[in-house]
Amino acid sequence: LGLYGAATTPSAEAARKAGERAQMRALLVSEGLVGPDATDDELVAAMHAFLARTPSVLVATGLGDALGDRRQPNLPGTTDEYPNWRLRLARWRDGAPEPVDLEDILDDPRVLAVAKALNTRGPAMLSPRR
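Numbering (my numbering), first residue to last: 21 to 150.
Laid out in C-alpha cells, this is it:
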C-alpha cells in the first residue's frame, strides 16, 4: 500500500510481527493451552481461551478471526488503498479467503473451537464491583 514511513521498511515490519507471533506462541505454550507444534487454527482457539481467562468484564471476538480470515479490517490510515469496512465475511482455505454463507458458519470446526474456548468463561472470572 506504500504506507511505510522512512523509519519502517516492509522487512522490518515483517520481523517485528514475527517476533510478536513467537512471543504469543511461547505464552500460550507456557500456559498449557497448546503444544509447541500447534497449528494456526489451534493457536487461534488458544488465544481465545487465554482471553477467556482474563478478568476483563467484556471479551469479544470477530467472526473473521474464528474463521481464520487473515485480512485486516479497518486498516488505520487508509481510505481508498484498502477496502476497510467492505470485506466480505470469508474463511481462510489453502492460503486465500473463500466466501462463506452465514448458514455454513456453525459447521466450521474453527468457529466451534473458538466458541468453546470463550464459553469456558464464567461469572467467577469477573471481578466484583466496588
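Cβ coordinates follow ideal geometry from the N, Cα and C atoms, glycine included.
| query | Does the Cβ of Leu-78 have 16 or more other Cβ atoms within 10 Å, making it buried, or fewer, making it exposed? | reply | Exposed, by the Cβ-count rule.
| CA nearest to the CA of Met-44, picked from Ala-80, Asp-124, Asp-60 and Glu-33 | Measuring from the Cα of Met-44, the nearest candidate turns out to be Asp-60.
| field | Length at least 4, wholly inside the stretch 81-119: the alpha helix (DSSP H) runs in chain order | value | 83-86
| query | Measuring CA to CA, which of Pro-56, Glu-62, Gly-52 and Glu-51 is closest to Pro-129? | reply | Glu-62
| request: Please say whether Leu-87 and Ala-66 have beta carbons closer to each other than 8 angstroms? | output: no
| Helix, strand or coil at Gly-55 [DSSP, three-state] | It is coil, neither helix nor strand.
| Near His-68, which residues of its chain fall below 7 angstroms by C-beta distance, leaving aside the five closest residues on each side in sequence? | Thr-81, Val-134, Ala-137 and Leu-138
| said: With H, G and I counted as helix, E and B as strand and the rest as coil, what does DSSP make of Arg-141? | reply: coil
| query | Distance, Cα to Cα, Ala-72 vs Val-120? | reply | 26 angstroms
| query | Mapping DSSP to helix, strand and coil, what is Leu-78? | reply | coil
| Exposure label - Asp-89; buried when at least 16 CB within 10 Å | buried
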